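Below: one structure, written as structure tokens.
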Amino acid sequence: MLSTTLGNLQLQNHTITSNVATVRGRVEEDIHIRSTAAVIGILGKVGRLSPLAVIPYAKINEIYKILLFLRSNLPGPDTRHTYFQEPTRLEVAYGRIWPVEYDFAMMEGVLRGKFWKGLGKRLVERDMWQLFETSNGQSVLSASNWWPLPGLEITMAMMVPGRDNSLSCPRLNCLSNSFNDTLGGGKRCAT
5 MLSTTLGNLQ LQNHTITSNV ATVRGRVEED IHIRSTAAVI GILGKVGRLS PLAVIPYAKI
65 NEIYKILLFL RSNLPGPDTR HTYFQEPTRL EVAYGRIWPV EYDFAMMEGV LRGKFWKGLG
125 KRLVERDMWQ LFETSNGQSV LSASNWWPLP GLEITMAMMV PGRDNSLSCP RLNCLSNSFN
185 DTLGGGKRCA T
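With the numbering used here applied, the sequence shown corresponds to residues 5 to 195, in that order.
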């Protein structure tokens, strides 16, 4: 739900940015047209200029129009090939999202540091948590297969024991009490 909301916000941001660029282009073109009209008006009052002055001005004006057209119709840079890439994101069991730029050992240290007190402290201390790709719940991440690529979304899940020592899934709106064992150890929600 949160990643859908973030995606919608990103789409709205892109739409607003393109609308602002379109309006900016129109304003610049309008200013150029008005300044050209003003120069022509001044030239009319001053008198006739020689063709040596008019022809270069007309050519420069054509080049400027072509450049404005090209600038408004070129696509933006492809951020996949720049340093401005989408960060890897980790959504912890309680819904908070953090950017990830670490190897697995550092990631584990960050998680233990973030959960050193408060909700989830005991579960993290007992290693009752697991990381997996958000888009593929079957892909459990561990030190052996840790490869955070730009744009990857990682989710953290914790197994919360109930009052009668039965486990329940901590993900929002998941009321499951059934779990499957995973290859690396631990349990995964069966739903």
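In this text, a Cβ means the ideal position worked out from N, Cα and C, and glycines have one as well.
Nothing here was measured: the structure is a model prediction, and the numbers come from that model.
Output needed for residue i: all residues of its chain with C-beta closer than 6 angstroms, excluding positions within five of it in sequence on either side, in chain order.
i, result
"Q14", "none"
"T92", "V104, P152, L156"
"P79", "none"
Looking at residue j and residue i, is the spacing between their C-beta atoms short of 7 angstroms?
i, j, result
"V104", "P60", "no"
"L135", "I158", "yes"
"W102", "L115", "no"
"L72", "E33", "yes"
"F108", "A161", "no"
"V144", "T186", "yes"
Could you give the residue range of the beta strand (DSSP E) that holds residue i?
i, result
"R116", "Premise fails: R116 lies in the alpha helix (DSSP H), 108-118, not in any beta strand (DSSP E)."
"V104", "101-104"
"E129", "Element bounds for E129: not the beta strand (DSSP E) but the alpha helix (DSSP H), 125-129."
"E90", "Unbroken run through E90: none, as it is neither H nor E."
"R179", "At residue 179 the sequence reads Leu, which differs from the Arg that was named. Per DSSP, L179 belongs to no beta strand (DSSP E) and is neither H nor E."
"A97", "Neither: A97 is in no beta strand (DSSP E) and is coded neither H nor E."
Would you mind sorting residue i into buried or exposed? The rule is 16 or more other CB atoms within 10 Å of its CB.
i, result
"C193", "buried"
"F119", "buried"
"L74", "exposed"
"L179", "exposed"
"M110", "exposed"
"V96", "buried"
For residue i, which residues from the same chain have a beta carbon less than 8 angstroms from its beta carbon, with the 5 sequence-adjacent residues on both sides left out?
i, result
"T26", "S76"
"T195", "C173, C178, S180, S182"
"T138", "S7, E95, E157, I158, T159"
Just checking residue i against the ligand NAD - is the residue's beta carbon closer than 6 angstroms to any of the ligand's heavy atoms?
i, result
"G122", "Of ligands this structure carries none, so the ligand NAD is not represented either."
Take residue i and list the residues in its own chain whose beta-carbon comes closer than 7 angstroms to its own, dropping the five residues that flank it on each side.
i, result
"Y68", "H36"
With 7 angstroms set as the bound, which would you pick, yes or no: does the beta-carbon of residue i sit closer than that to a beta-carbon of chain C?
i, result
"V24", "Absence of chain C from the displayed structure is noted, only one protein chain being present."
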